[in-house]
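Numbering (our numbering), first residue to last: 1 to 252. Every residue, glycine too, gets a C-beta built ideally from N, C-alpha and C. Below is one structure, written out as C-alpha cells, with a few remarks after it.
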Amino acid sequence: MATRSVVLDTETTGMPVTDGHRIIEIGCVELIGRRLTGRHFHVYLQPDRESDEGAIGVHGITNEFLVGKPRFAEVADEFFEFIKGAQLIIHNAAFDVGFINNEFALMGQHDRADITQHCTILDTLMMARERHPGQRNSLDALCKRYGVDNSGRELHGALLDSEILADVYLTMTGGQTSLSLAGNASDGNGTGEGADNSATEIRRLPADRQPARIIRATEEELAAHLARLEIIAKSAGGPALWTQIAEADAQA
C-alpha cells in the first residue's frame, strides 16, 4: 500500500508556545505514493488572545480577521482524523508539533496531546541541514535552490506554505537512490526491505512476447520537460546532463 503523507504547516499568535501563544491557522495537503491527491485540510482559528505585532508582520492575519472563526476544539476531531496514521512532513517540525500538542492538551485530550503516538514525523528542515550543511535552509532558500516557484509567497500562510513545502519535498527527495537489475525487491532479490543484494541469474524475456506499447510524449509534456531543464540549468549554473547528452548526439 502506498504511503500516505500529510504536508502540514501552522501559523500562530507568536512564540514560544510556553508563553501562552496559540494556533490561528492550520494548512495540510495530502500525498499518497508521492502524488498530491487534491485533498486538503485548511482552517483559520479564533485563539482567544491577540497576536503579537511581529507575528502579524510575518503572516498578515489580523486579530479582527479571526473574530467569529471556529476555535480549535470545534475542528479538533476533523483535524485529527485527517492526520491520524499519516507521515507528517513539516519544516521545523518541533515548532508545529509543540503547538498542536498544546492545543489538544488545553482541551484535556491527553491521549492526543502527543501526536507522535499517532503519526510519524519527517522534518524537512533537519533533512535539508543534513544535505546542505552550513547553508540557509529556510523554505524560501530551498525554493530557490530546487527551482520551486514561490512567487506568490509575499506573506506566510499555512495552506500556501504546505503546498510549497510539498513541491520542495518531492523535488528534494525525487532523485534515484538505488537501481536493481537482479530481481524484484519484494522477493528478496532487489534493493528493498529484506533484500540481500545478492546477484541472481538474468531472466530473459521470451522472443514471442507481445510488443510493449510505445507512448510518445505530447507537445505539452515536451514543453514542460524543456522548462524543467531550464530550471535545472539556472540552479546548477550550467546545462543539465540530459541537455549535454542531447547536444552531443545532435553533433555526432
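If I measure Cβ to Cβ from residue i and keep anything under 8 angstroms in the same chain, skipping five residues before and after, which residues do I get?
i    : result
L125 : H91, N92, A93, N137
K234 : G147
T171 : Y146, G147, V148
E247 : P239
D96  : L8, D9, T10, I90
H132 : R145
D123 : I90, H91, N92, A93, A94
With DSSP as the reference, identify every bridge partner of residue i, one or two as the case may be.
i    : result
C28  : L8, F41
I255 : This structure leaves residue 255 out entirely; the chain is present only between 1 and 252.
I313 : One cannot answer for residue 313 here, as it falls past the ends of the chain, which runs 1 to 252.
L36  : L31
Leaving aside the five residues before and after residue i along the sequence, list all residues of the same chain whose C-beta is less than 6 angstroms from its C-beta, in chain order.
i   : result
V75 : V43
Measure the beta-carbon distance from residue i to residue j and round it to whole angstroms, keeping in mind my assumption that it falls under 8 angstroms.
i    : j    : result
I115 : V7   : I115 to V7, Cβ: 15 angstroms. No contact.
T3   : G33  : 7 angstroms
G157 : H59  : 7 angstroms
F41  : F82  : 4 angstroms
K84  : C119 : 7 angstroms
T243 : L229 : 5 angstroms
Based on Cα-Cα distance, which residue from the options lies nearest to residue i?
i    : options               : result
G54  : L36, V29, E25, T12    : T12
L31  : G14, H132, L222, A166 : A166
L142 : E64, H118, V168       : V168
E25  : T18, D19, G14, R35    : G14
Q109 : D77, I121, L122, H21  : D77
With a threshold of 7 angstroms on Cβ separation, who are the neighbours of residue i within its own chain once the five nearest residues in sequence on each side are excluded?
i    : result
I56  : T62
T18  : none
S5   : L31, A86, Q87, I89
F99  : T10, T12, V17, I23
N102 : V17
D52  : T13, G14
A105 : A113
I269 : In the structure displayed, the chain extends from 1 to 252; residue 269 sits before or after that span and is not available.
Give a single yes or no on whether residue i has its beta carbon closer than 7 angstroms to a heavy atom of the ligand FMN.
i    : result
I115 : Judged by which ligands are present, the structure shown has none, so any question about the ligand FMN falls away.
Item checked: the stretch 64 to 72 touching the stretch 39 to 54, judged by at least three CB pairs closer than 8 angstroms -> Of all C-beta pairs linking the stretch 64 to 72 to the stretch 39 to 54, three or more are shorter than 8 angstroms, placing the two stretches in contact.
Item checked: Inter-stretch contact (C-beta, 8 angstroms, three-pair minimum) for the stretch 47 to 57 and the stretch 158 to 174 -> Under the Cβ criterion (8 angstroms, minimum of three pairs), the stretch 47 to 57 does not count as touching the stretch 158 to 174.
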